[in-house]
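Written out below as structure tokens is the structure these notes cover.
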Amino acid sequence: MLPTKILLITADDAMASSMGTRLSQSGYQVLHTSQGTGALDLIRLEKPGLLVLDVELPDYNSLAIIRALRSEGFTSRLPVILIGASLREQDALLGMEVGADLCLCETFHPQVFVARVRSLLRRSEMAKNR
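For the sequence shown, our numbering gives the first residue as 109, with consecutive numbering after it.
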């Protein structure tokens with residue numbers, strides 16, 4: 109069985125490297141783009157099992173990406189983790205309202221992050237099998 113693909117969309121190279129390394133070590137196939145523009149096409153092409161989306165993309169509105177995902181058939185159930193270095197409470201509330209499954213400030217423990225990824229993927233897989 110192929111490893112689950114996780115798409116990281118963040119312009120923060122340090123964050124992408126850190127999270128990408130931890131997820132790869134945990135057995136996931138990690139794809140990364142620093143561009144919000146074209147993200148929906150990349151998601152349709154690669155069909156990731158989970159999306160990690162930076163709230164602070166320089167070229168595109170992250171919430172618009174989530175809204176678009178939730179309006180499509182295949183991507184409507186794609187688990188989305190919204191992250192950000194300065195994720196404020198109002199950002200998290202907006203993210204959850206438009207369809208993010210989890211909102212995290214960037215300062216999180218790597219093992220806890222991977223456990224949350226596993227949990228979201230497990231719930232997503234159970235929902236598919238119903």
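From the three backbone atoms N, C-alpha and C, an ideal C-beta is built for every residue, glycine too.
- Rounded to whole angstroms, the separation of the alpha carbons of residue 150 and residue 186 is 14 Å.
- A straight-line Cα-Cα distance of about 7 Å links residue 148 and residue 173.
- About 12 Å separates the Cβ atoms of residue 213 and residue 203, ruling out a contact at the 8 Å cut-off.
- When only Cα atoms are considered, residue 129 and residue 231 end up about 23 Å apart.
- The beta carbon of residue 145 sits closer than 7 Å to those of 167, 168, all from its chain and outside the five residues before and after it, given in chain order.
- Nearest in C-alpha terms to residue 184, of all of 220, 156, 194, is 156.
- Going by C-alpha positions, residue 200 is about 8 Å away from residue 190.
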